[in-house]
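Report on one structure; see the data block that follows.
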Amino acid sequence: MARKLAAGNWKMNGTRAALEELSALAQAHPDPSVDILICPPATLVQTAAATVANGPIQIGGQDCHAQASGAHTGDISAEMLLDAGATSVILGHSERREDHGESSDDVNAKTRAAHAAGLVAIVCVGESLSQREAANTLDIIGEQLATSLPDGCTAANTVVAYEPIWAIGTGKVPTTEQIDEVHDFIRARMIRRFGENEGRAIPLLYGGSVKTDNAAEIFATDNVDGALVGGASLKATDFSPIIKALEGKA
Ligand code: PEP
505 MARKLAAGNW
515 KMNGTRAALE
525 ELSALAQAHP
535 DPSVDILICP
545 PATLVQTAAA
555 TVANGPIQIG
565 GQDCHAQASG
575 AHTGDISAEM
585 LLDAGATSVI
595 LGHSERREDH
605 GESSDDVNAK
615 TRAAHAAGLV
625 AIVCVGESLS
635 QREAANTLDI
645 IGEQLATSLP
655 DGCTAANTVV
665 AYEPIWAIGT
675 GKVPTTEQID
685 EVHDFIRARM
695 IRRFGENEGR
705 AIPLLYGGSV
715 KTDNAAEIFA
725 TDNVDGALVG
735 GASLKATDFS
745 PIIKALEGKA
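First residue of the sequence shown: 505, per the working numbering; consecutive thereafter.
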């Protein structure tokens, strides 16, 4: 059985004032039965980690460079995230793939860097609307998984997030049958590549317009071990019911 994880991606939102939301979340969940992770902008990682120190909430980054250090202006490395107090890093988010031209090969190199530094890599995959309409979803996901994930992925160092691009920030959510189909497919690929034990235990998150009112239905799907949440993770009052819905599954 995979661990359950409620992960929030704040994207390019939040200054120090937003840490109040993190404090409120920590107060609301002093002893959660699922893992909770917030990935704020890089500028807030260190102060966010200090804000939730000694509590159950963990802090992650939203990207890292494939190299540990060097002449890469504006980038940050996995080691730097770890040093700032992060335990995980989101990699290959569709916004990175689109805004920064990241390929699955790039994601693979970044994932290896995250693993080498001791961070959990949350590797995102997902199809566009045109790819779904052309009935190519599973081919696309299969290709992204095969290329983005390096050898050596385990339940301790990797999480996979299925995020259909057309569902991110749009309020559109796939049917539970569609989520079920893709998550079953990803689970089978994980088992085939990383073996029965690790393949079954790698957490599979769904992401794309998860909200208070649809979380429980999404979590009822087999092989959905949690969510990667954008907009609804920014306010503790929105994210907290999603965490509680996941606790209902744990
Ligand atoms: C995301 O950015 O990963 C995401 C799923 O966003 P939202 O929840 O806002 O759709």
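Heads up, the beta-carbon is just placed ideally off N, CA and C, and yes, glycines get one too.
Computed from a prediction, not measured in an experiment: that's the story for all the values here.
Who pairs with residue i in a beta bridge, going by DSSP?
{"i": "GLY565", "result": "VAL593"}
{"i": "GLY711", "result": "LEU732"}
{"i": "LEU509", "result": "ASP539, GLY730"}
{"i": "SER581", "result": "HIS569"}
Residue i: which of the options sits nearest, CA to CA?
{"i": "VAL621", "options": "SER607, ILE672, GLN648, GLY565", "result": "As written in the sequence, residue 621 is Ala, which differs from the Val given in the question. ALA621 has its Cα closest to that of GLY565, out of SER607, ILE672, GLN648, GLY565."}
{"i": "THR615", "options": "HIS533, MET505, CYS657", "result": "CYS657"}
{"i": "TYR710", "options": "ASN727, ALA613, ALA590, ARG704", "result": "ASN727"}
{"i": "ALA511", "options": "PRO544, ALA638, ALA532", "result": "PRO544"}
{"i": "GLY630", "options": "VAL611, ALA638, GLU667", "result": "GLU667"}
{"i": "VAL611", "options": "THR577, ILE580, LYS748, LEU649", "result": "LEU649"}
{"i": "GLU647", "options": "ILE672, ARG697, ILE683", "result": "ARG697"}
{"i": "GLU751", "options": "LYS739, GLY730, ASP742", "result": "GLY730"}
{"i": "SER502", "options": "ALA724, SER581, SER598, VAL686", "result": "No statement about residue 502 is possible, as the shown extent of the chain runs from 505 to 754 and does not include it."}
{"i": "ASP446", "options": "HIS619, THR680, ILE683, LYS676", "result": "This structure cannot speak to residue 446, because the chain is shown only from 505 to 754."}
{"i": "GLU602", "options": "ALA749, LEU509, ILE669", "result": "ILE669"}
{"i": "ILE563", "options": "ASP535, VAL593, THR741", "result": "VAL593"}
{"i": "GLU525", "options": "LYS739, ILE540, PHE689", "result": "LYS739"}
{"i": "LYS760", "options": "LEU708, LEU642, HIS604, ALA588", "result": "Any property of residue 760 remains undetermined from this structure, which presents the chain solely from 505 to 754."}
{"i": "ASN640", "options": "GLU606, VAL686, GLY675", "result": "VAL686"}
{"i": "GLY673", "options": "GLY703, SER713, GLU702", "result": "SER713"}
{"i": "ASP684", "options": "LEU642, ILE542, GLU702", "result": "LEU642"}
{"i": "ALA705", "options": "HIS604, ALA659, LYS676, LEU586", "result": "ALA659"}
{"i": "ASP587", "options": "PHE689, ALA553, THR577, THR680", "result": "ALA553"}
{"i": "LEU541", "options": "GLY589, GLU702, ILE580, ALA671", "result": "GLY589"}
Whole-angstrom Cβ separation of residue i and residue j, contact assumed at under 8 Å?
{"i": "LEU595", "j": "ILE644", "result": "The pair is not a contact, with the Cβ atoms about 17 Å apart (cut-off 8 Å)."}
{"i": "THR716", "j": "PRO745", "result": "4 Å"}
{"i": "SER527", "j": "THR547", "result": "With 8 Å as the limit, SER527 and THR547 do not qualify as a contact, their Cβ atoms being about 18 Å apart."}
{"i": "MET570", "j": "ALA617", "result": "The question names Met, yet the displayed sequence has Ala at residue 570. Right, their Cβ atoms sit about 5 Å apart."}
{"i": "PRO534", "j": "ILE747", "result": "No, PRO534 and ILE747 are not in contact; Cβ-Cβ is about 12 Å, not under 8 Å."}
{"i": "PHE723", "j": "LEU529", "result": "About 18 Å separates the two Cβ atoms, so there is no contact after all."}
{"i": "LEU585", "j": "VAL549", "result": "6 Å"}
{"i": "CYS568", "j": "ALA582", "result": "4 Å"}
{"i": "ALA720", "j": "ALA749", "result": "4 Å"}
{"i": "THR725", "j": "THR680", "result": "5 Å"}
Cβ contact (3+ pairs, closer than 8 Å) linking the region 679–694 and the region 733–740: no
Using a Cβ distance threshold of 8 Å, determine whether the region 660–667 contacts the region 625–639, with at least three qualifying pairs required. yes
Check whether the region 513–525 touches the region 633–640, taking contact to mean three or more Cβ pairs, one atom from each stretch, closer than 8 Å. no
Whole runs of the beta strand (DSSP E) within the region 611–670, excluding any shorter than 3 residues: 624–629, 662–666
If we require 4 or more residues per run, which alpha helix (DSSP H) segments fall completely within the region 666–699? 680–698
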